[in-house]
Amino acid sequence: MSDPLLEPFQLKHLHLRNRIFSSAHEPAYAEAGMPTDRYRLYHEEKAKGGVALTMTAGSAVVAEDSPPAFGNLHAYDDAIVPWIRRLTDGVHEHGAACMIQLTHLGRRSGWSHDDWLPLIAPSPLREAAHRVIPKEAEDWDIDRIVGKYADAAERMLAGGMDGIETLREIKKIQPICEVLLLTGHGSMETSIEGMKLGAFDYLLKPVKLEDLLPKLAEAFEKKNGQDQKIRSAHIKKLFRYS
Ligand SMILES: Cc1cc2nc3c(=O)[nH]c(=O)nc-3n(C[C@H](O)[C@H](O)[C@H](O)COP(=O)(O)O)c2cc1C
7 MSDPLLEPFQ
17 LKHLHLRNRI
27 FSSAHEPAYA
37 EAGMPTDRYR
47 LYHEEKAKGG
57 VALTMTAGSA
67 VVAEDSPPAF
77 GNLHAYDDAI
87 VPWIRRLTDG
97 VHEHGAACMI
107 QLTHLGRRSG
117 WSHDDWLPLI
127 APSPLREAAH
137 RVIPKEAEDW
147 DIDRIVGKYA
157 DAAERMLAGG
167 MDGIETLREI
177 KKIQPICEVL
187 LLTGHGSMET
197 SIEGMKLGAF
207 DYLLKPVKLE
217 DLLPKLAEAF
227 EKKNGQDQKI
237 RSAHIKKLFR
247 YS
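In the working numbering, the protein residues as written are 7 to 248.
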């Protein structure tokens, strides 16, 4: 009799070769917030060992005012995209899927790291472990942090994380954000699902720069047009009330 743990599992678009996965935990292998070779090899070994899915990071941080508390990855930095791409390519080569945990640590960090910014949390209460008294988040802090999550999710998508779910969340948070899917799996179903969820378009990897640049320009045009419409509607509304 076969072990059900070793049976494949279909999680919407994502095919998992068995039901074994490694949950999020921070190995603290990052260098300057980037998942460099040691970080990648750690996850590649899990993929080689046969897990179906490896969840990278333990709370990769989405904003500068969520400084790393335990060697967390800087998901707020564009420089992370090529490192994430190397990591996901390495994991995919060994047949496993790859996810990442994205977090704003709130009061669960210290202010005296990285940019020395005040910490922000839902209430100004001290957290026992990190001992920081945070600033109480205001509406604009929350709006900014929500945007930071969407930006970080986009970076992870660009880095090849297995993330149609990411697209769904990006569209929920920032409906006018245009997303171009770059898929390495050549899976038509993934691409169709992505288009249904509102991706601007998709390209199969490897992508030539001459194909990518016009698509990016088109997506930028479309977003600009929508921004313009929203601004005009705002202005009209202001005139109506003045
Ligand atoms: C050192 C360590 C760090 C962890 N860091 C995280 C984390 O950053 N995010 C998270 O969601 N879970 C974290 N976890 C929880 C694990 O992902 C897992 O859910 C937990 O260890 C239970 O699984 P286990 O019984 O196989 O250890 C951590 C666990 C350990 C031991």
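The beta carbon of each residue, even a glycine, is placed where N, CA and C say it ideally should be.
Would the C-beta of His-251 count as close to ligand 1, meaning under 8 Å from any of its heavy atoms? Residue 251 lies beyond the stretch modelled for the chain, which goes from 7 to 248, so this question has no answer here.
To the nearest angstrom, report how far apart His-136 and Leu-218 are at their CA atoms. For this step, residue 136 is matched to residue 130 along the sequence shown. For this step, residue 218 is matched to residue 212 along the sequence shown. Going from the Cα of His-136 to the Cα of Leu-218 covers about 45 Å.
When you compare the region 127-134 with the region 202-216, are there three or more beta-carbon pairs, one atom per stretch, that lie closer than 8 Å? no
Per DSSP, cross-strand counterpart(s) of Ala-141: Translated into the one-based positions of the sequence shown, residue 141 becomes position 135. The question names Ala, yet the displayed sequence has Lys at residue 141. The partner list for Lys-141 (beta bridge, DSSP) reads Ile-126.
So the candidates are Asp-168, Leu-59, Leu-12 and Ile-151; which of them puts its Cα closest to the Cα of His-19? Taking the first residue of the sequence shown as position 1, residue 19 is located at position 13. The option with the nearest alpha carbon to His-19 is Asp-168.
Beta strand (DSSP E) segment containing Gln-107, residue limits: By 1-based counting over the sequence shown, the position of residue 107 is 101. Note, Gln-107: beta strand (DSSP E), 103-109.
Quick check: is any heavy atom of ligand 1 less than 8 Å from the C-beta of Ala-36? What you label residue 36 is simply residue 30 of the sequence shown in a count that begins at 1. Ala-36 Cβ: outside cutoff for every heavy atom of ligand 1.
The region 92-110 touching the region 23-41, judged by at least three CB pairs closer than 8 Å: yes
Where are the alpha helix (DSSP H) runs, 4 residues long or more, that stay fully inside the region 147-208, in chain order? 170-179 and 194-202
Just checking Gly-64 against ligand 1 - is the residue's beta carbon closer than 8 Å to any of the ligand's heavy atoms? One-based indexing of the sequence shown puts residue 64 at position 58. For ligand 1, at least one heavy atom lies less than 8 Å from the Cβ of Gly-64.
Exposure label - Ala-239; buried when at least 16 CB within 10 Å: Position 233 of the sequence shown holds residue 239. Under this definition Ala-239 is an exposed residue.
Can you check the region 52-90 for any beta strand (DSSP E) of at least 3 residues that lies completely inside it and give the ranges in chain order? 59-67
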